[in-house]
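Novice: Structure below; questions to follow.
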Amino acid sequence: MPALIPELIALASDPTVKTADLLRKALVAARLLQQPDAANWLDHELQGYPDGSPVPPYRQRRGRLAIRMAGTSYLLSVANTERAQQWQTCPPRCH
Numbered sequence: 020m021p022a023l024i025p026e027l028i029a030l031a032s033d034p035t036v037k038t039a040d041l042l043r044k045a046l047v048a049a050r051l052l053q054q055p056d057a058a059n060w061l062d063h064e065l066q067g068y069p070d071g072s073p074v075p076p077y078r079q080r081r082g083r084l085a086i087r088m089a090g091t092s093y094l095l096s097v098a099n100t101e102r103a104q105q106w107q108t109c110p111p112r113c114h
């Protein structure tokens, strides 16, 4: 295990290493080091956030609500600001 952390640092510094591979290795380290919060976060990053659990802001999508008709886009205006915020911010699992 002592070599695990230097290996993680080397992997994180290598641009050819896939993010998922690095996260899996970090998950092993978190479990071995008995870091349940880190292990939980890494597991969610790898497997997705379960329904009902908060999704971190960096995993949410933002956008504008628009309709595209006949080659022209029309931005929609929503009077209810709470609803507009809900529609403009979308976690990764929304469709």
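Take the sequence shown: its position 57, counted from the start at 1, is 76 in the working numbering, and no numbers get skipped. The C-beta atom is built at its ideal place from N, Cα and C for all residues, glycine as well. Since we're looking at a predicted model, the values are computed, not measured.
I'd like to know whether the C-beta atoms of Leu-27 and Leu-51 end up nearer to each other than 8 Å.
Specialist: No. Outside cutoff.
Novice: Identify whether Ser-92 lies in helix, strand or coil by the three-state DSSP scheme.
Specialist: Three-state result, Ser-92: strand.
Novice: If you follow the alpha helix (DSSP H) that Pro-25 is in, where does it begin and where does it stop?
Specialist: First-last of the alpha helix (DSSP H) with Pro-25: 23-32.
Novice: Excluding the 5 residues preceding and the 5 following Leu-42 in the sequence, name in chain order all residues of the same chain whose CB lies nearer than 7 Å to its CB.
Specialist: For Leu-42, where only same-chain residues beyond five positions count, the Cβ hits under 7 Å are Leu-61, Glu-64, Leu-65.
Novice: Give me the DSSP bridge partner(s) of Ala-85.
Specialist: Bridge partners of Ala-85: Leu-94.
Novice: Relative to the C-alpha of Val-74, which residue among Arg-87, Ile-86, Arg-83, Asn-59 is closest?
Specialist: Of the candidates Arg-87, Ile-86, Arg-83, Asn-59, the one whose C-alpha sits nearest the C-alpha of Val-74 is Asn-59.
Novice: With burial defined as no fewer than 16 other Cβ atoms inside 10 Å of the residue's Cβ, what is the status of Ala-89: buried or exposed?
Specialist: Flag for Ala-89 reads exposed.
Novice: Please report the distance separating the alpha-carbon of Thr-100 from that of Leu-94.
Specialist: Cα to Cα, the separation comes out at about 15 Å.
Novice: Please classify Pro-75: does DSSP put it in a helix, a strand, or coil?
Specialist: Note: Pro-75 maps to coil in three-state DSSP.
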